[in-house]
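In the UniProt record's numbering, the protein residues as written are 1 to 216. Presented below is the structure to which this report refers.
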Amino acid sequence: MSQTCDVVVLLSGTGSNLQALIDSTRTGDSPARIAAVISNRADAYGLQRARDAGIDTRSLDHKAFEGREAFDAALIELIDAFNPKLVVLAGFMRILSAGFVRHYQGRLLNIHPSLLPKYKGLHTHERALEAGDTEHGCSVHFVTEELDGGPLVVQAVIPVELQDSPQSLAQRIHVQEHLIYPMAVRWFAEGRLALGEQGALLDGQLLAASGHLIRN
Numbered sequence: 001m002s003q004t005c006d007v008v009v010l011l012s013g014t015g016s017n018l019q020a021l022i023d024s025t026r027t028g029d030s031p032a033r034i035a036a037v038i039s040n041r042a043d044a045y046g047l048q049r050a051r052d053a054g055i056d057t058r059s060l061d062h063k064a065f066e067g068r069e070a071f072d073a074a075l076i077e078l079i080d081a082f083n084p085k086l087v088v089l090a091g092f093m094r095i096l097s098a099g100f101v102r103h104y105q106g107r108l109l110n111i112h113p114s115l116l117p118k119y120k121g122l123h124t125h126e127r128a129l130e131a132g133d134t135e136h137g138c139s140v141h142f143v144t145e146e147l148d149g150g151p152l153v154v155q156a157v158i159p160v161e162l163q164d165s166p167q168s169l170a171q172r173i174h175v176q177e178h179l180i181y182p183m184a185v186r187w188f189a190e191g192r193l194a195l196g197e198q199g200a201l202l203d204g205q206l207l208a209a210s211g212h213l214i215r216n
């Protein structure tokens with residue numbers, strides 16, 4: 001059994017990816033342990049999911065701070081009280097400051113609902129459909145100062161179907177997110193995943209620019 005890897009999860013919403021992470025860390029042989037869940041919204045349903053699982057929760061209202069840097073400084077203090085080896089963004093709807101990202105360099109992961117580098121930002125499913133893409137997916141990546149631009153760890157690819165709407169595509173992407181995010185967190189917790197100078201490393205080998213690719 002690997003040494004326990006404490007994880008802090010940041011979220012702003014319902015926490016469906018958090019639930020997938022909770023479920024995956026309760027399998028009995030996972031070295032990852034969710035030490036705390038923190039939200040910038042006290043009413044985020046993800047906090048209730050965490051409480052139901054017996055996980056420590058905290059909320060920190062970004063509106064109570066004068067600017068992003070002040071909020072991020074308080075957030076760092078809150079996170080570091082749990083001494084995590086990994087910080088996971090699971091629908092955390094805040095753009096993080098450069099200082100925050102540097103503080104957690106190499107131990108900060110995010111999931112994004114597109115095949116990065118395509119469709120950074122919001123409304124990814126609508127944009128994929130409008131472009132007539134035949135494939136769509138989701139990506140786990142290390143977070144860097146470039147928004148949605150850090151080295152890719154793993155991507156799940158699904159075909160776009162003729163009858164797909166943004167809603168149906170989102171539902172199918174969520175299924176893939178709930179598979180690949182726990183996978184990436186487990187790799188990190190097992191010491192298999194790291195951020196190197198040239199990109200993401202898995203088992204000491206540099207991953208392709210697209211990360212580990214899973215086709216469905």
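Glycine included, each C-beta is placed from N, C-alpha and C at the ideal position. A quick note: this is a predicted structure, and the numbers were derived from the prediction, not measured.
{"Asked": "Taking 8 Å as the threshold (C-beta atoms), are A156 and Q171 in contact?", "Found": "no"}
{"Asked": "In or out: A81 buried (at least 16 other Cβ within 10 Å) or exposed?", "Found": "exposed"}
{"Asked": "Less than 8 Å separating the beta-carbons of L109 and V140?", "Found": "yes"}
{"Asked": "Which of the three DSSP states is assigned to I95 in this structure?", "Found": "coil"}
{"Asked": "Count the other C-beta atoms from every protein chain shown that fall within 10 angstroms of the C-beta of A208, then say buried if there are 16 or more, exposed otherwise.", "Found": "exposed"}
{"Asked": "Helix or strand or just coil, what does DSSP make of V175?", "Found": "helix"}
{"Asked": "Could you tell me the alpha carbon to alpha carbon distance between S24 and A184, rounded to whole angstroms?", "Found": "11 Å"}
{"Asked": "Buried or exposed for I158, please, with buried defined as at least 16 other CB atoms from any protein chain shown within 10 angstroms of its CB.", "Found": "buried"}
{"Asked": "Closer than 8 Å is the cut-off here; do at least three beta carbon pairs connect the region 64-81 with the region 41-51?", "Found": "no"}
{"Asked": "Ordered along the chain, which non-local residues of its own chain (more than five positions away) have a Cβ less than 7 Å from that of N83?", "Found": "D6"}
{"Asked": "Might you give, ordered along the chain, the residues of its own chain that have their beta carbon closer than 6 Å to the beta carbon of Y104, omitting 5 neighbours on each side?", "Found": "V87"}
{"Asked": "Reducing DSSP to helix, strand and coil, say where I55 ends up.", "Found": "coil"}
{"Asked": "Is the beta carbon of F142 sitting closer than 8 Å to the one on V154?", "Found": "no"}
{"Asked": "Which residues in the same chain as M1 place their Cβ atom closer than 8 Å to its Cβ, once the five residues preceding and following it in sequence are excluded?", "Found": "Its pLDDT being 43, under 50, M1 is placed unreliably in this model, and the value from its coordinates should be taken loosely. Closer than 8 Å at the Cβ level, and outside the excluded window around M1, lie D29, P31."}
{"Asked": "Taking the C-alpha atoms as reference points, what is the distance between I38 and L78?", "Found": "9 Å"}
{"Asked": "Buried or exposed for N17, going by 16 or more other Cβ atoms inside 10 Å?", "Found": "buried"}
{"Asked": "Which residue comes first and which comes last in the alpha helix (DSSP H) that contains L129?", "Found": "124-130"}
{"Asked": "With burial defined as no fewer than 16 other Cβ atoms inside 10 Å of the residue's Cβ, what is the status of L115: buried or exposed?", "Found": "buried"}
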